[in-house]
């Protein structure tokens, strides 16, 4: 009975690892003073969230399980001017490195320094062929659904409504939404369609998967949906068009164009339930 219980607990722990794989990123770095000496016990906080950490004796900090998105990160300590980094991008499965340098504050007045974060040219912890598209890019694309965003990624081809990655078959692709596998075991497609306005980040892995991803041979499509926020956001989109063909003997009146013959109107509204 004891052995059976241990095996059951092991299976549950592994299942939990699989379910919540690939939905968050990590923020790490080091805090030093003007002379380059490490500063311990500095508070590093991701503004607008409950996430944060304190530096160790060597000045290093690490914040895990950060949802993908763009944040402001603030470092503060008694006796030093606080420093805030803006536009810090956190992506799925990746570590964003932000280092701080704090200067001593005068007794009369402490200053806050604001720095705009820059995107690194090379992601040192990216070992797979990966395309990452954030909601800021998706909102600017002329797309009607998330499959249109997938078509724009390198190595992705959509034929007959099926997604092929790196020349593989459509049933060789694994789909995940918020870390939960949603691959149809019958035909290998996704059993859930997500509106593009609800996507926080889209990740397409086309080679050298990490151990957390399984049941895929050609690629992985990983979606993370948006969380609620304290700000109100609204969006409305409209698409219109018509079918066109020169086969008038087959399709009656197909040459009679009507620009608004097909109409698709979408809208979304998000924000706090109780403002304040």
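Numbering (this note's numbering), first residue to last: 839 to 1114. Just so you know, even glycine gets a beta-carbon here, dropped at the ideal spot from N, CA and C.
Original post:
What residue range is occupied by the uninterrupted beta strand (DSSP E) comprising residue 1001?
Top reply: Working through the chain shown from its first residue, we reach residue 1001 at position 163. Residue 1001 -> beta strand (DSSP E) spans 1000-1003.
Original post:
What number of angstroms, rounded off, separates the C-alpha of residue 971 from the C-alpha of residue 875?
Top reply: As a position in the chain shown, residue 971 is number 133, starting the count at 1. As a position in the chain shown, residue 875 is number 37, starting the count at 1. Approximately 37 Å, taken between the alpha carbons.
Subject >> Straight-line Cα distance separating residue 1012 from residue 1026 >> reply: Here residue 1026 refers to the residue found at position 188 of the chain shown. Here residue 1012 refers to the residue found at position 174 of the chain shown. Roughly 8 Å between the two C-alpha positions.
**OP:** Under 8 Å by Cβ, that's how I've got residue 1108 and residue 1066 pegged, so tell me the actual separation to the nearest angstrom.
**Re:** On the chain shown, residue 1108 is found 270 positions in, with the first residue counted as 1. On the chain shown, residue 1066 is found 228 positions in, with the first residue counted as 1. The pair is a contact, with the Cβ atoms about 7 Å apart (cut-off 8 Å).
Original post:
Between which two residues does the beta strand (DSSP E) carrying residue 988 extend?
Top reply: Translated into the one-based positions of the chain shown, residue 988 becomes position 150. Segment 984-989 is the alpha helix (DSSP H) holding residue 988; no beta strand (DSSP E) there.
**OP:** Would you grab the beta carbon distance between residue 934 and residue 865 for me? Rounded to a whole angstrom, and I think it's under 8 Å.
**Re:** Residue mapping note: residue 934 aligns to position 96 of the chain shown, counting from 1. Residue mapping note: residue 865 aligns to position 27 of the chain shown, counting from 1. Confirmed, about 5 Å.
Original post:
For the putative contact between residue 863 and residue 904, defined by C-beta atoms under 8 Å, what is the C-beta separation to the nearest angstrom?
Top reply: Here residue 863 refers to the residue found at position 25 of the chain shown. Here residue 904 refers to the residue found at position 66 of the chain shown. Indeed they touch by this definition, with Cβ atoms about 5 Å apart.
Subject >> Length of the line joining the Cα atoms of residue 1052 and residue 973 >> reply: The residue given as residue 1052 occupies position 214 in the chain shown. The residue given as residue 973 occupies position 135 in the chain shown. Using only the alpha carbons, I get a separation of about 26 Å.
Original post:
How do the segment 986-993 and the segment 1041-1048 stand: do at least 3 beta-carbon pairs fall below 8 Å, yes or no?
Top reply: yes
Original post:
Is it true that the CB of residue 861 sits closer than 8 Å to the CB of residue 1062?
Top reply: Counted from its first residue, the chain shown places residue 1062 at position 224. Counted from its first residue, the chain shown places residue 861 at position 23. Cβ distance < 8 Å, so residue 1062 and residue 861 count as in contact.
Original post:
Out of curiosity, what's the CA-to-CA distance linking residue 877 and residue 906?
Top reply: As a first step, residue 877 is located in the chain shown; it is residue number 39 there, counting from the start. As a first step, residue 906 is located in the chain shown; it is residue number 68 there, counting from the start. When rounded, the distance between both Cα atoms is 28 Å.
Original post:
residue 953 to residue 1022, Cα distance in whole Å?
Top reply: By one-based count along the chain shown, residue 953 stands at place 115. By one-based count along the chain shown, residue 1022 stands at place 184. So the two alpha carbons sit approximately 46 Å from each other.
**OP:** Provide the residue(s) that pair with residue 923 in DSSP beta bridges, ordered along the chain.
**Re:** In the chain shown, counting from the first residue as 1, residue 923 sits at position 85. According to DSSP, which records beta bridges pairwise, residue 923 is partnered with 911 and 953.
Subject >> Euclidean distance between Cα positions of residue 1006 and residue 976 >> reply: In the chain shown, the residue the question calls residue 1006 occupies position 168. In the chain shown, the residue the question calls residue 976 occupies position 138. So the two alpha carbons sit approximately 25 Å from each other.
Original post:
Comparing alpha-carbon positions, which option in 893, 873 and 870 lies nearest residue 880?
Top reply: Locating residue 880 in the chain shown gives position 42, where the first residue counts as 1. Here the closest residue by C-alpha is 893.
Subject >> residue 966 vs residue 938 beta-carbon contact at 8 Å >> reply: Locating residue 966 in the chain shown gives position 128, counting from the first residue. Locating residue 938 in the chain shown gives position 100, counting from the first residue. Going by C-beta atoms, residue 966 is not nearer than 8 Å to residue 938.
Original post:
Taking the continuous alpha helix (DSSP H) assigned at residue 975, which residues delimit it?
Top reply: Along the chain shown, read from residue 1 onward, the residue named residue 975 stands at position 137. 973-976 is the span of the alpha helix (DSSP H), which, as asked, contains residue 975.
Original post:
Can you give the Cα-Cα distance for residue 981 and residue 1072, rounded to whole angstroms?
Top reply: To locate residue 981, count along the chain shown from 1; it is residue 143. To locate residue 1072, count along the chain shown from 1; it is residue 234. In a straight line, the C-alpha of residue 981 is about 18 Å away from that of residue 1072.
Original post:
If we ignore side chains and look at the alpha-carbon of each, how far apart do residue 1033 and residue 1008 end up?
Top reply: The residue labelled residue 1033 in the question sits at position 195 within the chain shown. The residue labelled residue 1008 in the question sits at position 170 within the chain shown. Approximately 21 Å, taken between the alpha carbons.
Original post:
For residue 1060, which option in 885, 929 and 869 has the closest C-alpha, if you only look at C-alpha atoms?
Top reply: Position 222 of the chain shown, counting from 1, holds the residue named residue 1060. For residue 1060, the nearest C-alpha among the options comes from 929.
Original post:
Going by C-alpha distance, which of 1056, 1029 and 1017 is nearest residue 931?
Top reply: Here residue 931 is taken as the residue at index 93 of the chain shown, counted from 1. Ranking the options by Cα distance to residue 931, first place goes to 1017.
Original post:
Can you check whether the CB of residue 987 is closer than 8 Å to the CB of residue 1040?
Top reply: Counting from one through the chain shown, the residue named residue 1040 turns up at place 202. Counting from one through the chain shown, the residue named residue 987 turns up at place 149. Yes; because the gap between Cβ atoms is below 8 Å, this pair is in contact.
Original post:
Cβ of residue 1056 within 8 Å of Cβ of residue 1014?
Top reply: For this step, residue 1056 is matched to residue 218 along the chain shown. For this step, residue 1014 is matched to residue 176 along the chain shown. No, the pair does not count as a contact, with Cβ atoms beyond the cut-off.
Original post:
residue 852 to residue 951, Cα distance in whole Å?
Top reply: If you number the chain shown from 1, residue 852 lands on position 14. If you number the chain shown from 1, residue 951 lands on position 113. Residue confidence for residue 852 is low, a pLDDT of 45 falling below 50, so the modelled location carries little weight and cannot support an answer.
Original post:
How would you call residue 915, buried or exposed, if buried means at least 16 neighbouring beta carbons within 10 angstroms?
Top reply: For the purposes of this step, residue 915 is taken as residue 77 along the chain shown, with counting starting at 1. Residue 915 comes out buried.
**OP:** Go ahead and pull the three-state DSSP assignment for residue 1071.
**Re:** On the chain shown, position 233 is the one that residue 1071 refers to. If DSSP states are grouped into helix, strand and coil, residue 1071 belongs with the strands.
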